[in-house]
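The numbering used here puts the sequence shown at residues 162 to 253. The C-beta atom is built at its ideal place from N, Cα and C for all residues, glycine as well.
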Amino acid sequence: MEAGEKYDLICLDIMMPEMDGQKALESIREMEESRGLISTKGAKIIMTTALDDMKNTVSAFWNLCDSYLVKPIDMQSLYQQLRDFQLISPGE
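Next up, the structure:
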């Protein structure tokens, strides 16, 4: 972002050392907003986590994640999300 470029995709786990994924998500969206990017124009953020409880899911979407996939990740679901985000072509 410092170079004027943005990430296309960020996958975050909720349980990470030092900063949990929920806080990282919130920080990323704040950083984008401070540079004039609204969440729909910023990076696509997929939460990839073993936590499938309602509290974490709602919190992630509240903090503007774009998708929430529970581990173990179903590769078909991941590829479909990437196609939906137009990050890969329909044939991939």
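Out of Asp227, Glu253, Ser188 and Leu225, which one is the CA nearest neighbour of Gln237? Checking every option, the nearest Cα to that of Gln237 belongs to Glu253.
In three-state DSSP terms, what is Leu198? Here Leu198 carries a coil assignment [DSSP, helix/strand/coil].
In the DSSP assignment, find the alpha helix (DSSP H) that holds Ser220 and state where it starts and stops. According to the DSSP assignment, Ser220 belongs to the alpha helix (DSSP H) that extends over Met215 to Trp223.
Is the Cβ-Cβ distance between Leu243 and Leu230 less than 8 Å? No, the Cβ-Cβ distance between Leu243 and Leu230 is not below 8 Å.
Out of curiosity, what's the CA-to-CA distance linking Gly203 and Ser188? Cα to Cα, the separation comes out at about 13 Å.
Within this structure, are the beta carbons of Asp174 and Thr209 separated by less than 8 Å? Yes, Cβ-Cβ distance for Asp174 and Thr209 is below 8 Å.
Just grab the DSSP bridge partners of Met208 for me. In the DSSP output, where bridge partners are listed per residue, Met208 has Leu173 and Tyr229.
Give me, in chain order, the residues of the same chain whose beta-carbon lies closer than 7 Å to that of Pro251; leave out the 5 immediate sequence neighbours on both sides. If we look at Pro251 and ignore the five residues flanking it on each side, its Cβ neighbours are Arg244.
For Glu166, tell me which candidate among Arg196, Glu191 and Ala185 has the shortest Cα-Cα distance. Distances from the CA of Glu166 to each of Arg196, Glu191 and Ala185 were compared; the closest alpha carbon is that of Arg196.
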